[in-house]
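**Student:** Pasting a structure here, questions to come.
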């Protein structure tokens with residue numbers, strides 16, 4: 001008698017029970033358990049089994065029931081049932097099977113190693129279908145033959161249809177749950193990545209959290225450094241220390257080459273048979289491998305890989321998960337690496353800033369100190385927390401005044417250097433050589449002051465200057481006496497009757513007079529230069545005939561020019577002009593310029609000294625046909641102790657042009673140089689002569 005005939009309401013009861021059980025849960029394990037127990041109980045079956053297959057047609061779950069209890073079955077029994085038994089036949093043929101008597105049907109496999117199977121006499125098995133795919137197989141058995149009939153098959157098929165829908169829904173639910181868990185894990189991981197302080201922390205975080213996302217026995221992270229891949233971190237790898245010291249190179253036929261060449265993921269389900277360097281990295285038992293590129297911007301920076309030895313290979317979804325993680329990891333690695341570099345640069349800057357032997361201040365454009373180094377604290381004798389936040393005016397009024405003077409030029413991007421005298425907290429005067437410039441710090445405009453304490457240096461310079469002035473000043477007396485004596489001797493020569501002796505003596509006295517005058521001019525120039533540097537006003541203007549001035553210069557310089565076979569030409573404007581200048585100082589300026597031209601012009605050359613007037617301005621030029629002066633040397637030529645050549649044959653200490661510049665500027669004029677290498681040079685100066693007289697017709 002059939003199940004439906006024995007129990008009129010059993011069909012409706014079973015379908016109701018199945019529907020109720022399926023509506024109560026989306027958990028796949030609970031669905032299988034409840035469907036199997038309800039079917040066995042309502043159908044009056046002795047035993048039942050449930051096999052479920054994954055998307056790759058592999059066994060995902062198996063469940064066995066005896067009466068109302070779930071029982072355990074050995075793996076080999078499960079394997080035999082699917083390979084040789086009724087469940088395997090139903091799965092392969094995708095159709096239900098009714099066996100009234102198992103002893104007469106070859107589809108039934110009586111496993112000698114499983115005596116429980118010998119108790120079954122009749123069986124009914126149906127597939128769970130979703131389109132063309134077999135989701136599972138549901139089987140029930142009874143200890144009596146001919147227990148099930150076609151009505152039972154129809155009923156069990158209806159149960160299978162409901163179960164298939166429930167399994168599909170459960171899988172979708174599980175997939176969604178896994179996705180939610182994955183995204184939650186990824187979000188947590190990304191959050192942790194963003195606060196990682198070092199690349200090493202980031203590597204460890206990435207690899208330690210990977211098992212929460214993907215099945216992986218071994219995980220490795222490789223970075224591209226100087227054209228080679230190096231394993232910088234790994235988990236589940238025994239020889240990591242050795243691998244970290246060895247560069248990784250791809251084989252020519254390496255299956256993972258697209259990772260490097262095309263920047264696309266690669267995976268394999270048969271790693272041991274593949275020709276790849278990854279075999280050296282993963283465990284020998286690993287079968288499945290997945291690797292994705294680490295891309296920062298458009299550049300490949302590394303590879304993230306996972307491997308495992310389980311049965312299931314990596315899927316496209318696994319690939320997507322690892323790619324998502326790799327994208328964030330690459331960005332975080334780049335950010336962390338840059339941050340570490342910036343921090344190292346900041347540490348170096350701090351060491352240089354604090355360790356500088358110069359005073360360093362960082363100011364706002366308004367003059368508020370935002371940072372000060374150790375030397376600044378020492379110079380001002382104030383702790384850093386007092387200096388920072390203070391305005392320059394509170395440190396020293398001179399600092400405020402100098403800053404206010406500099407602000408306009410600093411705003412134009414100019415660099416300013418000046419000497420400044422300030423007082424520390426004890427009232428001691430400190431002389432600073434300050435260089436100020438505008439800069440950008442942390443994206444904001446700022447002023448950088450670099451000051452060097454030159455108090456001791458300036459005091460030493462003052463002592464040296466005073467010593468030189470004292471010596472030079474003491475030389476003026478004997479030199480004046482010497483020149484006076486030479487001039488008196490010239491007067492005595494008139495009483496010598498021997499004309500030959502008289503002429504010879506006069507020649508010697510002229511040489512002595514010129515040399516003495518040269519020394520006197522040098523002494524006066526050194527003293528004047530020193531005083532002009534101190535800001536003293538030395539100009540004593542008197543009316544001077546320009547013609548007479550040029551004759552004096554000519555008388556003093558022509559003999560040297562003739563000794564070198566130089567042609568020297570003195571040109572003055574028409575008519576005798578009277579100018580009001582410091583006679584001695586301007587004469588020495590002209591003598592210096594002509595003397596330099598004589599020194600540097602080779603024999604046979606030409607020197608031209610010319611004076612012109614234009615709008616109450618006197619212009620004097622000295623032009624030569626010497627070797628010329630390189631452009632890079634021209635700017636420094638008017639500095640003290642600077643010479644146009646290092647040739648020892650050309651004598652001089654390099655003070656002449658420095659004196660000329662200061663003397664001309666003391667008159668309110670300016671001095672300049674025009675020179676072409678291989679052609680010659682022209683030195684010139686202009687001085688205003690508003691107080692000059694007109695033509696001297698006397």
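Residue numbers (our numbering): 1 to 698. Glycine included, C-beta positions come from ideal geometry on N, C-alpha and C.
#1: If you check the beta carbons only, do residue 122 and residue 139 fall under 8 Å apart?
#2: Grab the span of the alpha helix (DSSP H) containing residue 567 for me, first residue to last.
#3: Quick one: what does DSSP say residue 636 is sitting in, helix, strand or coil?
#4: Suppose you measure from the CA of residue 49 to the CA of residue 63; what does that come to, to the nearest Å?
#5: Taking the alpha helix (DSSP H) that residue 191 falls in, what are its first and last residues?
#6: With distances taken from CA atoms, which of 51, 67 and 68 is nearest residue 60?
#7: What first and last residue would you give for the beta strand (DSSP E) that runs through residue 231?
#8: Let me know the secondary structure DSSP gives residue 92 once reduced to three states.
#9: Considering Cα atoms alone, identify which of 430, 576, 689 and 555 is closest to residue 617.
#10: Using 8 Å for Cβ pairs, my map puts residue 397 next to residue 447. What's the rounded Cβ distance?
#11: So residue 607 is in the beta strand (DSSP E); what residue range does that whole segment cover?
#12: Leaving out five residues before and five after residue 189 in sequence, what residues of the same chain have Cβ atoms less than 6 Å from its Cβ?
#13: Name the DSSP beta bridge partners of residue 218, please?
#14: Please list, in chain order, all residues of the same chain as residue 222 whose beta carbon is under 6 Å from its beta carbon, the five residues on each side excluded.
#15: Exposed or buried, residue 585, counting other C-beta atoms within 10 Å across all chains shown (16 or more means buried)?
#16: Once you ignore the five residues that flank residue 595 on each side, which residues in its own chain have a CB closer than 8 Å to its CB?
#17: Under the rule that 16 or more other beta-carbon atoms within 10 Å means buried, what is residue 683, buried or exposed?
#18: How about residue 111: is its C-beta nearer than 8 Å to some C-beta of chain B?
#19: Just the C-alpha distance for residue 356 and residue 218, rounded to the nearest angstrom, thanks.
#20: Closer than 7 Å: is that where the CB of residue 437 sits relative to any heavy atom of the ligand GTP?
#21: Helix, strand or coil, according to DSSP, for residue 30 in the structure here?
#22: Return the CA-CA distance between residue 423 and residue 406, expressed in angstroms with no decimal places.
#23: Quick one, which of 124, 165 and 554 has its alpha-carbon nearest residue 147's?
#24: Could you tell me whether the stretch 388-403 touches the stretch 368-377, where touching means 3 or more Cβ pairs closer than 8 Å?
#25: What residues in its chain sit with their C-beta under 6 Å from that of residue 170, if we drop five residues either side in the sequence?
#26: Measure the CB-CB distance between residue 134 and residue 153 and report whether it falls below 8 Å.
#27: Could you compute how far the alpha carbon of residue 160 sits from the alpha carbon of residue 129?
#28: Between 145, 136 and 107, which lies nearest to residue 101 when the distance is taken from Cα to Cα?
#29: On the three-state DSSP scale, how would you describe residue 213?
#30: So what does residue 676 bridge to, in DSSP terms?
#31: Give every residue of the same chain whose Cβ lies closer than 8 Å to the Cβ of residue 270, excluding the five residues on either side of it in the sequence, and list them in chain order.
#32: Terminal residues of the continuous beta strand (DSSP E) containing residue 142?
#33: Helix, strand or coil for residue 299, going by three-state DSSP, please let me know.
#34: Measure the CB-CB distance between residue 290 and residue 329 and report whether it falls below 8 Å.
#35: At the level of alpha carbons, what is the spacing between residue 401 and residue 621?
#36: Please state the DSSP three-state secondary structure of residue 541.
**Tutor:** This is what the structure holds:
#1: Here residue 122 corresponds to residue number 122 of the chain shown, with the count starting at 1. Here residue 139 corresponds to residue number 139 of the chain shown, with the count starting at 1. With respect to the 8 Å criterion, residue 122 and residue 139 are not classified as neighbours on the basis of their beta carbons.
#2: As a position in the chain shown, residue 567 is number 567, starting the count at 1. Note, residue 567: premise wrong, no alpha helix (DSSP H); beta strand (DSSP E) at 567-571.
#3: Sequence index remark: in the chain shown, residue 636 carries index 636 (1-based). Shown here, residue 636 sits in coil according to DSSP, grouped into three states, outside any helix or strand.
#4: On the chain shown, position 49 is the one that residue 49 refers to. On the chain shown, position 63 is the one that residue 63 refers to. C-alpha separation (whole angstroms): 6 Å.
#5: Numbered from 1 along the chain shown, position 191 holds the residue referred to as residue 191. Run containing residue 191: 150-194, per the alpha helix (DSSP H) assignment.
#6: In the chain shown, counting from the first residue as 1, residue 60 sits at position 60. The residue with the shortest Cα to Cα distance from residue 60 is 51.
#7: For this step, residue 231 is matched to residue 231 along the chain shown. Per DSSP, residue 231 belongs to the beta strand (DSSP E) from 228-235.
#8: In the chain shown, the residue the question calls residue 92 occupies position 92. Helix.
#9: Start at 1 with the first residue of the chain shown, and residue 617 comes out as number 617. Comparing Cα-Cα distances from residue 617 to each of 430, 576, 689 and 555, the minimum goes to 689.
#10: Position 397 of the chain shown holds residue 397. Position 447 of the chain shown holds residue 447. Incorrect: roughly 18 Å between the Cβ atoms, too far for contact.
#11: In the chain shown, residue 607 corresponds to position 607, counting from 1. 606-614 is the extent of the beta strand (DSSP E) around residue 607.
#12: Against the chain shown, residue 189 aligns to sequence position 189. The answer, listed in chain order, is 209.
#13: By one-based count along the chain shown, residue 218 stands at place 218. The partner list for residue 218 (beta bridge, DSSP) reads 307.
#14: Start at 1 with the first residue of the chain shown, and residue 222 comes out as number 222. For residue 222, the CB contacts under 6 Å within the same chain, skipping 5 residues up- and downstream, are 229, 231, 302 and 303 in chain order.
#15: Stepping through the chain shown from its first residue, residue 585 is reached at position 585. With 16 or more other Cβ atoms within 10 Å, it is buried.
#16: Your numbering for residue 595 matches position 595 in the chain shown. So the list reads 557, 560 and 656, once near-sequence residues are dropped.
#17: Taking the chain shown and counting its residues from 1, the one referred to as residue 683 is at position 683. Buried, by the Cβ-count rule.
#18: As a matter of chain content, chain B is missing from the structure shown, which is built from one protein chain.
#19: By one-based count along the chain shown, residue 356 stands at place 356. By one-based count along the chain shown, residue 218 stands at place 218. Whole-angstrom Cα-Cα distance: 51 Å.
#20: As presented, the structure is devoid of all ligands, the ligand GTP included, so that no description of it is given.
#21: Translated into positions along the chain shown, residue 30 becomes position 30. It is helical.
#22: Here residue 423 corresponds to residue number 423 of the chain shown, with the count starting at 1. Here residue 406 corresponds to residue number 406 of the chain shown, with the count starting at 1. Using only the alpha carbons, I get a separation of about 20 Å.
#23: In the chain shown, counting from the first residue as 1, residue 147 sits at position 147. Scanning 124, 165 and 554 for the CA closest to the CA of residue 147 turns up 124.
#24: Enough Cβ pairs lie closer than 8 Å, so yes.
#25: Numbered from its first residue, the chain shown carries residue 170 at position 170. So the list reads 26, 28 and 31, once near-sequence residues are dropped.
#26: On the chain shown, residue 134 is found 134 positions in, with the first residue counted as 1. On the chain shown, residue 153 is found 153 positions in, with the first residue counted as 1. The answer is no: Cβ separation not under 8 Å.
#27: Counting from one through the chain shown, the residue named residue 160 turns up at place 160. Counting from one through the chain shown, the residue named residue 129 turns up at place 129. Pairing residue 160 with residue 129, the inter-Cα distance amounts to about 8 Å.
#28: Counted from its first residue, the chain shown places residue 101 at position 101. For residue 101, the nearest C-alpha among the options comes from 145.
#29: Along the chain shown, read from residue 1 onward, the residue named residue 213 stands at position 213. Residue 213: coil per DSSP, three-state reduction.
#30: In the chain shown, counting from the first residue as 1, residue 676 sits at position 676. As a beta-bridge residue in DSSP terms, residue 676 pairs with 680.
#31: For the purposes of this step, residue 270 is taken as the residue at position 270 of the chain shown. Exclusion of the five residues before and after residue 270 leaves 287 as the residues of its chain whose Cβ lies within less than 8 Å of its Cβ.
#32: Position 142 of the chain shown, counted from the start, is the residue given in the question as residue 142. Here the beta strand (DSSP E) through residue 142 covers 133-142.
#33: The residue given as residue 299 occupies position 299 in the chain shown. The answer is strand: DSSP assigns residue 299 an E or B state.
#34: As a first step, residue 290 is located in the chain shown; it is residue number 290 there, counting from the start. As a first step, residue 329 is located in the chain shown; it is residue number 329 there, counting from the start. It is not a contact, given that the beta carbons lie outside the stated cut-off.
#35: One-based indexing of the chain shown puts residue 401 at position 401. One-based indexing of the chain shown puts residue 621 at position 621. Spanning the two alpha carbons is a distance of roughly 41 Å.
#36: Here residue 541 refers to the residue found at position 541 of the chain shown. Coil.
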